[in-house]
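K.L.:
Before we start, here is the structure in question, set down as structure tokens.
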Amino acid sequence: MYIAVTRTGGFAGITRKAELETTGRPDARQLTDLARAALTASRSPAPSGAPDAFHYEITIDGTTINLADSEVSEAGRALIQAVLSQDKS
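Just remember that the working numbering sits 107 ahead of the position in the sequence shown, which is counted from 1.
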């Protein structure tokens, strides 16, 4: 499963991007479960939100969702953290 996360906004306005492929990873099952739960819980368009709030674009195997920070589910937060932690920049 391919997963990509882009986080924009925040006080400094810095964009962070990271992606991963779950195939062959020891945590593949956990990441796949989080991705499915995040998609299920996050089927509505993101509201505009606060100007300094984070916004997320999450792509899972070709399906993209856009969420304001206030709309991210618990599973979504865990997925975002797991994917962004792969970014070594």
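The beta-carbon is built from N, C-alpha and C at its ideal position, and this holds for glycine as well.
Every value quoted in this text rests on a predicted model; they were computed, and no experiment measured them.
Tell me the residue span of the beta strand (DSSP E) that contains V190.
P.N.:
From DSSP, V190 is part of no beta strand (DSSP E) but of the alpha helix (DSSP H) over 181 to 191.
K.L.:
Report the residue from N173, A142, S180 whose alpha carbon sits nearest the alpha carbon of Y109.
P.N.:
Looking at the Cα atoms, A142 is the closest of the given residues.
K.L.:
Express the C-alpha separation of E178 and S192 in angstroms, rounding to a whole number.
P.N.:
Cα to Cα, S192 sits roughly 21 angstroms from E178.
K.L.:
Starting from R132, follow the beta strand (DSSP E) in both directions and report where the run begins and ends.
P.N.:
Note, R132: premise wrong, no beta strand (DSSP E); not H, not E.
K.L.:
Can you tell me the Cα-Cα spacing of A175 and A160, whole angstroms?
P.N.:
Going by the C-alpha atoms only, they are around 7 angstroms apart.
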